[in-house]
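In the UniProt record's numbering, the protein residues as written are 1 to 712.
Glycine residues also receive a C-beta, built at the ideal position from the N, C-alpha and C atoms.
Reading through the structure tokens given below for one structure.
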Amino acid sequence: MSNSISIKDILLCDNQERLKHLIQMFAKYQMAGKRYEAKAWHAYFRRIAINPVVFYQHNVALFYEDQQYYQETFQVMEPTCIHGDLHIGQFHYYFDDINNERIFKIRRHKKIIAPFTWDLKRLATNLVLIAYHQGFSDTEIIEILHVFIRQYIKCVTTTTTTDKMILCKKNSIETEQFHQIKPCSLHKQFSVISSIPIKHEMYEINWKTFDTVANLMILAEQIAIIVANSHCQPPISIIPTQNTIENNADHCTHIIQTALSSYNQQQELINDICLFSMTYAQIAERDYRLFFKHFRNERIFNGVNVINHTRIPHPLTNARSVSILIVGGGISGMVTALSFARAGIPVRLFEKKTEFGEIGAGMQLAPNCSRILDRLDVLKQVQANAFFPKQIVWMDALTGQRLTCIDLGAKFIETFGYPYIVVHRADLFNAIYQACLANSMITMETDRTVTSVDERPKSIMVECADGMRYDCNMVIAADGLWSSLRKFVCDDGAPISAGYVTYRGTIDIKQVSKEAGLENVQFWIGPDIHLVQYPIRRGESYNQAAIFKSKKIPDDTDEWGTKEELNQRFSIGCKHVKNALKSIQTNFRWPVYDRNPLSKWSRGRLVLLGDAAHPMLQYAGQGAAQALEDADVLVTAYKKYGPLKIDSVFREYEQKRIPHSSKVVQFARDIGTFAHCDGVAKIVRDKILKEHDIYDYEFLKWIYEDHQKDRK
Ligand SMILES: Cc1cc2nc3c(=O)[nH]c(=O)nc-3n(C[C@H](O)[C@H](O)[C@H](O)COP(=O)(O)OP(=O)(O)OC[C@H]3O[C@@H](n4cnc5c(N)ncnc54)[C@H](O)[C@@H]3O)c2cc1C
Numbered sequence: 001m002s003n004s005i006s007i008k009d010i011l012l013c014d015n016q017e018r019l020k021h022l023i024q025m026f027a028k029y030q031m032a033g034k035r036y037e038a039k040a041w042h043a044y045f046r047r048i049a050i051n052p053v054v055f056y057q058h059n060v061a062l063f064y065e066d067q068q069y070y071q072e073t074f075q076v077m078e079p080t081c082i083h084g085d086l087h088i089g090q091f092h093y094y095f096d097d098i099n100n101e102r103i104f105k106i107r108r109h110k111k112i113i114a115p116f117t118w119d120l121k122r123l124a125t126n127l128v129l130i131a132y133h134q135g136f137s138d139t140e141i142i143e144i145l146h147v148f149i150r151q152y153i154k155c156v157t158t159t160t161t162t163d164k165m166i167l168c169k170k171n172s173i174e175t176e177q178f179h180q181i182k183p184c185s186l187h188k189q190f191s192v193i194s195s196i197p198i199k200h201e202m203y204e205i206n207w208k209t210f211d212t213v214a215n216l217m218i219l220a221e222q223i224a225i226i227v228a229n230s231h232c233q234p235p236i237s238i239i240p241t242q243n244t245i246e247n248n249a250d251h252c253t254h255i256i257q258t259a260l261s262s263y264n265q266q267q268e269l270i271n272d273i274c275l276f277s278m279t280y281a282q283i284a285e286r287d288y289r290l291f292f293k294h295f296r297n298e299r300i301f302n303g304v305n306v307i308n309h310t311r312i313p314h315p316l317t318n319a320r321s322v323s324i325l326i327v328g329g330g331i332s333g334m335v336t337a338l339s340f341a342r343a344g345i346p347v348r349l350f351e352k353k354t355e356f357g358e359i360g361a362g363m364q365l366a367p368n369c370s371r372i373l374d375r376l377d378v379l380k381q382v383q384a385n386a387f388f389p390k391q392i393v394w395m396d397a398l399t400g401q402r403l404t405c406i407d408l409g410a411k412f413i414e415t416f417g418y419p420y421i422v423v424h425r426a427d428l429f430n431a432i433y434q435a436c437l438a439n440s441m442i443t444m445e446t447d448r449t450v451t452s453v454d455e456r457p458k459s460i461m462v463e464c465a466d467g468m469r470y471d472c473n474m475v476i477a478a479d480g481l482w483s484s485l486r487k488f489v490c491d492d493g494a495p496i497s498a499g500y501v502t503y504r505g506t507i508d509i510k511q512v513s514k515e516a517g518l519e520n521v522q523f524w525i526g527p528d529i530h531l532v533q534y535p536i537r538r539g540e541s542y543n544q545a546a547i548f549k550s551k552k553i554p555d556d557t558d559e560w561g562t563k564e565e566l567n568q569r570f571s572i573g574c575k576h577v578k579n580a581l582k583s584i585q586t587n588f589r590w591p592v593y594d595r596n597p598l599s600k601w602s603r604g605r606l607v608l609l610g611d612a613a614h615p616m617l618q619y620a621g622q623g624a625a626q627a628l629e630d631a632d633v634l635v636t637a638y639k640k641y642g643p644l645k646i647d648s649v650f651r652e653y654e655q656k657r658i659p660h661s662s663k664v665v666q667f668a669r670d671i672g673t674f675a676h677c678d679g680v681a682k683i684v685r686d687k688i689l690k691e692h693d694i695y696d697y698e699f700l701k702w703i704y705e706d707h708q709k710d711r712k
């Protein structure tokens with residue numbers, strides 16, 4: 001079956017089908033390779049395990065689609081793929097068992113059978129795979145490929161016959177130019193085209209030094225020069241065939257140069273090679289993982305006994321190394337990334353959604369939130385789109401009577417150092433996100449869902465839904481209210497619902513009646529209901545959130561807290577409240593949850609942060625603010641103890657943050673109880689509120705004051 005299917009068809013198969021093909025190919029090799037002893041199998045598997053290129057390229061050699069193309073032009077005299085190694089034209093890439101090293105060699109092979117795009121693509125794929133293994137992001141990988149192809153084109157198109165010697169000299173292996181690429185042999189051979197002696201060059205590359213994007217770019221450039229040089233420096237040793245119309249090397253050089261003479265063609269080549277290499281490398285990685293997931297399964301792969309016999313220790317070694325990984329690209333994750341980056345510490349952030357962004361409407365940002373935003377240098381951007389309310393007014397939702405307010409004027413700002421502001425959450429998010437984007441210390445990746453974590457002796461292994469694995473020194477779980485990583489620390493079940501639901505959204509300020517008092521945050525409270533209103537976006541939009549307790553028992557469905565119930569529950573409200581309800585958005589329903597505080601937020605090298613650690617009811621307007629404080633404290637502790645003392649970092653973070661945020665969780669619950677009460681409790685409450693001094697901020701100091709005053 002495998003022989004009759006083309007590589008293109010295999011690539012189009014679904015995972016299971018493709019696995020079948022791969023295993024069949026493998027089994028075929030096993031039959032053909034009876035002569036291989038267990039030791040050889042061992043070595044073979046280890047090579048595959050460490051270097052997926054070998055494995056994949058091996059298959060490609062069996063089903064090589066391009067074969068058609070080059071068969072028209074060149075005749076294959078003997079296979080170029082040697083069992084267990086990768087030979088792509090001049091490029092020889094393999095794992096050296098004796099020295100336990102990956103070796104990449106470039107040589108002017110006697111029999112080069114590849115047209116130039118063919119080996120450029122394969123070589124580019126190798127660069128991509130190396131970059132994948134180093135854990136670089138897709139954007140970085142594309143950039144490396146661009147550097148590679150641009151350099152190649154530059155060399156090829158500017159090389160005239162007279163230049164060739166200069167280029168050759170300039171890029172001679174003796175020069176300093178070839179950083180970390182060392183010549184390992186130099187022979188003289190005779191070209192098969194003519195009797196001109198040619199150099200048989202072989203270079204060894206020290207892979208360990210190519211662990212940064214910049215270094216890999218240097219390597220990409222250097223390889224591009226070598227390849228361009230070999231393509232343009234006659235004689236290229238191409239095997240002559242009857243089908244080849246022209247087989248002299250100058251002619252080939254000329255073809256390459258002509259092909260790349262126009263800008264459009266160059267661009268096409270760049271696009272083509274980038275796309276090919278990325279796709280190809282991704283497939284190679286995926287198949288490799290798929291294969292190893294199943295290869296111990298005897299039912300699927302009957303060669304398992306041979307493999308078992310060889311006792312392969314760790315077939316999967318392709319995890320990328322990450323120092324600090326943040327899981328979750330919400331406000332908490334972003335702010336944490338930015339806090340680390342501002343301290344000069346590089347981080348990587350994974351978000352499961354395909355795009356970064358926040359949904360929802362307004363947010364209240366208390367001074368403790370602004371303080372951290374200021375430290376992160378994003379407060380100005382946030383304030384540019386914010387609204388500065390004059391007061392937080394508490395109103396009776398049933399009678400329309402004003403109960404009390406908290407004045408947010410000069411005394412408030414003087415007391416806490418920052419004003420109380422209200423923003424659209426997208427504006428807050430965007431300010432933080434843009435700052436992250438602009439910071440080279442942060443690598444952000446979307447479409448990365450972390451599915452599991454696993455403790456290792458000196459690291460923590462994180463696996464994503466696509467099978468990619470990351471060996472991390474520290475993981476910060478900022479994956480929100482429904483955090484799956486929280487279970488790793490403590491499996492305390494699902495978030496708690498008291499049966500409240502929120503409907504919220506923004507409307508144009510012009511739709512709002514002036515009576516509403518457009519300068520303030522208004523908090524309309526009633527039995528089991530409340531309505532929050534305030535302007536956002538410099539006062540151009542108006543945010544409204546209606547919260548009520550459903551009469552139904554909360555469950556996983558959306559059949560409780562429906563919009564019909566919303567209207568019914570708010571029908572007891574005063575005129576203003578009923579009017580406001582008419583413009584409340586009802587297309588999205590937000591059940592309200594929190595969790596009981598934990599006594600521990602970390603396990604091993606993983607720590608919880610933000611809603612993953614302490615989800616709270618929104619009534620205190622502190623969810624995001626507390627997450628920002630978490631990030632601030634965590635980074636301060638990390639700076640103090642460093643990456644080698646993660647346990648001390650976590651201990652200090654937990655000691656400072658757990659007691660405080662737990663109090664805030666309780667405070668938010670208390671506000672809910674206070675706001676939603678009825679009967680005698682309501683009478684007492686209203687009395688307390690009416691007697692409240694609007695300039696008395698004592699009860700807020702413990703939340704809004706700076707807890708990190710003494711930070712170094
Ligand atoms: C109605 C309402 C009003 C609020 N009002 C305020 C307010 O006025 N002031 C205030 O300070 N706070 C407020 N909050 C709270 C505030 O919105 C939250 O505390 C804050 O947004 C939490 O951010 P987070 O990043 O921790 O979680 P989230 O915003 O939930 O972000 C978690 C992220 O992790 C990603 N993720 C999840 N699992 C994975 C995974 N396995 N792998 C990779 N990524 C993953 C998710 O896609 C998501 O992007 C309010 C909350 C609500 C519901």
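query, result
"Taking only heavy atoms of ligand 3 into account, decide whether any of them is closer than 7 Å to the Cβ of V635.", "Of the ligands one can find in the structure shown, namely ligand 1, none is ligand 3."
"Just the Cα atoms here: how many angstroms apart are K487 and V501?", "25 Å"
"Grab the span of the alpha helix (DSSP H) containing R425 for me, first residue to last.", "425–437"
"Here's a check: name, in chain order, each residue in its chain whose Cβ is nearer than 6 Å to the Cβ of R504, leaving out the five neighbours to either side.", "A361, A545"
"May I have the straight-line CA-CA distance separating R651 from V450, to the nearest angstrom?", "25 Å"
"Taking C-alpha atoms, which residue in I421, F356, A410 lies nearest to residue 756?", "Residue 756 lies beyond the range of the chain shown here (1 to 712); nothing can be said about it."
"Answer with buried or exposed for A343, where buried requires no fewer than 16 other C-beta atoms within 10 angstroms of its C-beta.", "exposed"
"If you run the structure through DSSP and keep just helix, strand and coil, what is P591?", "strand"
"Assign D396 to one of three DSSP states: helix, strand, or coil.", "strand"
"Flag I584 as yes when its Cβ comes closer than 7 Å to any non-hydrogen atom of ligand 1, and as no otherwise.", "no"
"Considering just the uninterrupted stretch of the alpha helix (DSSP H) at residue 713, what are its terminal residues?", "Lying before the first or after the last residue shown, residue 713 is absent from the chain, which here runs from 1 to 712."
"Does the beta-carbon of K701 have 16 or more other beta-carbons within 10 angstroms, so that it is buried, or is it exposed?", "exposed"
"With 16 as the cutoff for other CB atoms within 10 Å, does W601 come out buried or exposed?", "buried"
"Determine the extent of the alpha helix (DSSP H) in which residue 715 is found, giving its start and end residues.", "Residue 715 is absent from the model: the chain starts at 1 and stops at 712."
"Excluding the 5 residues preceding and the 5 following I496 in the sequence, name in chain order all residues of the same chain whose CB lies nearer than 8 Å to its CB.", "Y593, D594, R595, N596"
"Per DSSP, what kind of secondary structure is S172 in: helix, strand or coil?", "Note that S172 scores 39 on pLDDT, short of 50, meaning its location in the model is unreliable and no value can be drawn from it."
"Short of 6 Å in beta carbon distance, which residues of its chain neighbour D552, apart from the five on each side in sequence? Order them along the chain.", "The identity of residue 552 in the sequence shown is Lys, whereas the question assumes Asp. Once the five neighbours on either side are set aside, the close Cβ partners of K552 are W560."
"Evaluate the contact criterion for the region 557–573 versus the region 506–521: three or more CB pairs, one atom per stretch, below 8 Å.", "no"
"Given residue 729, which residues of its chain have a CB within under 6 Å of its CB, disregarding the five upstream and five downstream residues?", "No statement about residue 729 is possible, as the shown extent of the chain runs from 1 to 712 and does not include it."
"Contact between the region 633–644 and the region 367–376: three or more CB pairs below 8 Å?", "no"
"Between the region 382–396 and the region 534–541, do three or more beta carbon pairs fall short of 8 Å?", "yes"
"Shortest alpha-carbon distance to S583 belongs to which of K510, F429, M616?", "K510"
"When burial is assigned at 16 or more other CB atoms within 10 Å of the CB, is R569 buried or exposed?", "buried"
"Closer than 8 Å by C-beta to D555: which residues in its own chain qualify, once you throw out the five before and the five after it? Chain order, please.", "none"
"Under three-state DSSP, which class holds P495?", "coil"
"Are the region 320–327 and the region 475–485 in contact at 8 Å, needing three or more beta carbon pairs?", "yes"
"Quick one: is the Cβ of residue 737 within less than 7 Å of any heavy atom of ligand 1?", "Residue 737 lies beyond the range of the chain shown here (1 to 712); nothing can be said about it."
"Excluding sequence positions up to five away, which residues of its chain have a Cβ less than 6 Å from the Cβ of Q666?", "none"
"Do you know whose CA, among V378, G357, R448, lies nearest A435's CA?", "V378"
"Between the Cα of I671 and the Cα atoms of F523, Q585, R589, I572, which residue gives the shortest distance?", "F523"
"Entirely within the region 635–676 and at least 4 residues each: give me those alpha helix (DSSP H) ranges in chain order.", "646–676"
"Does the beta-carbon of W482 have 16 or more other beta-carbons within 10 angstroms, so that it is buried, or is it exposed?", "exposed"
"Expressed to the nearest angstrom, what Euclidean distance is found between the alpha-carbon atoms of L219 and L269?", "20 Å"
"The alpha helix (DSSP H) that contains L403, what's its start and end?", "Premise fails: L403 lies in the beta strand (DSSP E), 402–407, not in any alpha helix (DSSP H)."
"Hey, is E351 close to ligand 1, as in C-beta under 7 Å from one of its heavy atoms?", "yes"
"Within 7 Å: the Cβ of V327 and any heavy atom of ligand 1?", "yes"
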